[in-house]
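J.: Residue numbers (the numbering used here), protein chains in the order written: chain A, 335 to 654; chain B, 30 to 493. All C-beta atoms, glycine included, are put in the ideal place defined by N, C-alpha and C.
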Amino acid sequence: MTAALTLEGVNKRYGGFHAVRDLSFQVGKGSICGFLGPNGAGKTSTIRMILGLQPATSGRIEILGADDGRRVRDRIGFLPEERGLYKKMTPVDAIAFFGALKGVPLGEGRRRAREMLEQQGLGGASRKKMKELSKGMAQKVQLIAAVVHRPEFVILDEPFSGLDPVNQQGLEQMIRGLAADGATVLFSTHVMQHAERLCDKVVLLARGRKAFEGTVDEAKATSRRFLELEGAIDPAQAAGLPGVSGVEVISEHDGVRVLKAALGPGGRGQEALKAAFLGGLDVRRFDLREPSLHDAFIDLTGDNPDQDQSVKPAGQEAAR
Amino acid sequence: MNRTLLIARREYAAYAKTVGFWLSLLAFPLFAVLGGAVPILIKSSEPVRAVAVVEEGPQASGLAAAIRDALGRDAERQQEIQRRASEAAEKATGMPAGGPGAAQGAFARLSGPRLRIVETPAAIAAAAPGEARDDAVRRYLTDETPKADRLDAVVFLTRDAEGPAARVWTARATDDTVEDFVRDALRSANRKAVFEGAGIDPAVVENAEKFRPTISVFSPQSASGGEVGLRDKLPTLIGMAGGFLLWSLIITGASILLNSVMEEKSNKILEVLLSSASPMEILTGKVLGVALLTITVLIGWGGIGAAGLVSFAPETAGMIGDILLTGGMLGWFAAFMIGGYLMYAVLFAAIGAFCETPRDAQTLMGPIMMILVIPIMTMSMAMTTPDASAVKILSWVPFFTPFLMMARLPSDPPMLELVGAMAGMFAFALFMVWLSGRAFRAGALSDVKLSWKSFAGAIRGGGN
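So this is what it looks like as structure tokens:
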């Protein structure tokens, strides 16, 4: 797949603070790539460098064939992390204005705005002022404003933050729609579930460094699966089951234990269970737990993606 | 449409579409008219005070007559002022002589009598001097007496060893109109008595009292080369007004820009704009949009002022037009406006890019506003003594050049000084555009708390 975005050995320093370290990854044309990491991991700094809003301290960035995002800004759509539109403008005027900045004539921008608002169920709100819209509605309007010029590359910084589950689902549909129309989507988030559902590829970032680049399945495969067993089972017996690489006692009450048996590489849960039943182990309850992207992140980085890593050195802006 | 013009258009429309903008545009001329009309209204609505005058004892004989004479002379003097005002108004407006013009009416209302002497009520006149008479007076000054018979003041005249004296009872303790009038009248009566005592003819004394000198002012700089008229004073007044107008417009425009950028920063719109346009395009667009607003305000104020002048004082309007156009003052005004606005607008916009609330901006705006008071204080000096060293030096400081040079313009400063200061102002304005562009770019994406240190750091780093 041809790369729409390439980063090679990118570094970003703010004075003495090293926000992004030796970052390299690629995003293929027409794919949805999740840029994952806790707050403060360096995602926003990287996005700003990709857009050309901030220069990289070192390294190379190529987006849509240009070595500076500013040269292809009309082909990029951007939704920033903290969102806002002109409060006194109507959604149609706001969308048309941002579209015009990207080269769409105002009249055409208004026509597209009405059409897209209608598609998103916001036709009734098109004449209201932005300040009269709910947060979810305003966020949809802002996403429309970011893509009204039909960009080839869409960058969304924490697009799901602050949205209720219904609106999150709607936004996921919009992102899928963009990719279906041929756009490349890079979105940052610290909520792994969205990435798990949406992404063809993920890049995991922690403390400014890349921890992983690949598909969601590849990321999950790096994490261990567990077989949870409950009953009067000796941990040593559980450890002897085929494919089990280690056992941890979660709880114990009146001789009944809950055990977490980690499956080693290539280990299959069904075989371990079959052996447990054939061996006469007192298994009263079992559960085969597949690792989530969240688990994979923790395994790969040693960090919790929900934990804030923001560092604000004196006199410098926070690396987000 | 290119990005700069799009941003300028949005910026202009954001304000021009609001009712508040047009109300504030009309507010200035409205308040200017009110500012002039309110004193007239207050004066004209002042009641003519009813005053009773009582001579206490034979030694006070003649003092009541002196008060009446003073009142008569005052009325004559007011009529003379009215006549002169009427003449001046006729001259300025070109209205036919004898017509009851607005100015004449206003002066008539302003210069009407402030008090009238009424007959002393019998209860006061008949009361025995002392406590009984004072009690009677109290009743006539308060609502114990029906409104029609009530008095505003009662004056008891007497004469002691030093000369005429008076006790003034007044309905309102804070109203000193009667007190002042009686003091002047008694001083005049005493002067007359002293002169007469010295053997001077009373008619001579009276003529001397009435005498009012006629003074004419001449200057080689006047248009006629002789007597100084309104036409000669107008350029200085226009220069001064131009300086204040520039200050007001520039600071208003720059403040609008500061608030606009601050709002976009707090709403996170700046970041979206930066992904669509360069910092310089955004800055230029915003500066241009607010400049158009400022021009709209200027045209609005100018139009209202011109319409008012042409309607009520066409001759003065003609003179002002002549000075503005033939003297090149309008051209200089435009040049100072452009340079001054550019300097302050980009600086305020750059500060706004670091702030999310007006409180954030206070750190830098406080000292800047203090500096901006300097030209206001110096402008009046520039009018009366345009060659003062302080004025000359300060008008070379680019931040003050637009206002002070505008105020100095009517005194014909050397062309070298004028052109040099203007060149310096434009060079500095360009430097400010460069400097503020860097600060704007850094500030727009920065989360740091604004301080002189962070601002200087941003300029050095330019957001990199």
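1. Which stretch, first to last residue, makes up the beta strand (DSSP E) that contains A/His587?
2. Near B/Ala364, what residues of its chain come up, given a Cβ to Cβ distance below 7 Å and the 5 sequence neighbours on each side ignored?
3. Quick one: measure Cβ to Cβ for A/Ala566 and A/Val581, integer angstroms, because I've assumed they're closer than 8 Å.
4. Flag this pair as yes or no: are the beta carbons of B/Leu393 and B/Phe484 separated by less than 9 Å?
5. Could you check if B/Val316 is buried or exposed, using at least 16 other CB atoms within 10 Å of its CB as the buried criterion?
6. With a floor of 4 residues, list each alpha helix (DSSP H) that falls wholly inside the region 219 to 272 of chain B, ordered by position along the chain.
7. Could you check whether the region 298 to 308 of chain B touches the region 31 to 46 of chain B, counting it as contact only if at least three pairs of C-beta atoms, one from each stretch, sit closer than 8 Å?
8. Could you have a look at A/His660 and say whether DSSP puts it in helix, strand or coil?
9. Could you please give the first and the last residue of the uninterrupted beta strand (DSSP E) stretch that includes A/Lys346?
10. What does the alpha-carbon distance come out to for the pair A/Lys363 and A/Leu532?
11. Could you tell me the distance, in whole angstroms, from the CA atom of B/Thr325 to the CA atom of B/Gly395?
12. Which residues, in order along the region 269 to 289 of chain B, keep a beta-carbon less than 9 Å from a beta-carbon of chain A?
13. Any C-beta of chain A sitting closer than 9 Å to the C-beta of B/Arg39?
14. Pick out whichever of B/Met454, B/Arg437, B/Leu376 has its Cα sitting closest to the Cα of B/Gly466.
15. According to DSSP, is B/Gly357 part of a helix, a strand, or is it coil?
16. What is the rounded straight-line gap between the Cα of A/Pro499 and the Cα of A/Met471?
17. I'd like to check one pair, B/Leu186 with B/Pro142: are the Cβ atoms closer than 9 Å?
18. Since B/Ile298 meets chain A, which of its residues come closer than 8 Å, beta carbon to beta carbon?
19. Tell me the DSSP bridge mates of A/Asp498?
20. Kindly indicate the opening and closing residues of the beta strand (DSSP E) around A/Thr523.
21. So A/Leu440 packs on A/Ala447, CB below 8 Å; how close in whole Å?
22. Verify the CB distance criterion: does A/Gln476 have a CB-CB separation below 9 Å to chain B?
23. Compare the C-beta of B/Gly127 with all C-beta atoms of chain A and state if any pair is closer than 9 Å.
24. How is A/Val406 classed by DSSP in three states: helix, strand or coil?
25. If you run the structure through DSSP and keep just helix, strand and coil, what is B/Thr414?
26. Go through its chain and collect everything with a Cβ distance to B/Pro415's Cβ below 6 Å, but skip five positions before and after it.
27. Taking Cβ-Cβ distances shorter than 7 Å, what residues in chain A pair up with B/Ala306?
28. Closest by CA to B/Met461, which one among B/Leu312, B/Met348, B/Ala151, B/Leu338?
29. DSSP on B/Phe365, reduced to helix/strand/coil?
30. For the 8 Å Cβ check, are there 3 or more pairs between the region 360 to 378 of chain A and the region 515 to 527 of chain A?
31. Between A/Phe432 and chain B, is any beta-carbon pair separated by less than 9 Å?
T.: To lay it out plainly:
1. 578 to 587
2. If we look at B/Ala364 and ignore the five residues flanking it on each side, its Cβ neighbours are Met451.
3. With a Cβ gap of about 15 Å, A/Ala566 and A/Val581 do not count as contacting.
4. Yes, they are a contact pair.
5. buried
6. Counting only runs of 4+ residues, the alpha helix (DSSP H) found wholly inside the region 219 to 272 of chain B occupies 231 to 239, in chain order.
7. yes
8. In this structure chain A extends from 335 to 654, so residue 660 of chain A is not present and cannot be described.
9. 337 to 348
10. 16 Å
11. Taking the straight line joining both Cα atoms gives about 28 Å.
12. none
13. yes
14. B/Leu376
15. coil
16. Inter-residue distance for A/Pro499 and A/Met471 is about 13 Å (C-alpha atoms, whole angstroms).
17. no
18. Result: Gly418, Leu419, Tyr420.
19. BP columns for A/Asp498 are empty, so no partner.
20. 518 to 523
21. Contact flag wrong, Cβ pair sits at about 10 Å.
22. yes
23. Confidence is the limiting factor: at B/Gly127 the pLDDT is only 48, short of 50, which leaves the residue's position unreliable, though a coordinate-based value still follows. Chain A, which has no Cβ nearer than 9 Å to the Cβ of B/Gly127, makes this no.
24. helix
25. coil
26. Arg437, Ser440
27. The answer, in chain order, is Leu435.
28. B/Leu312
29. helix
30. At 8 Å Cβ cutoff, the stretches touch.
31. yes
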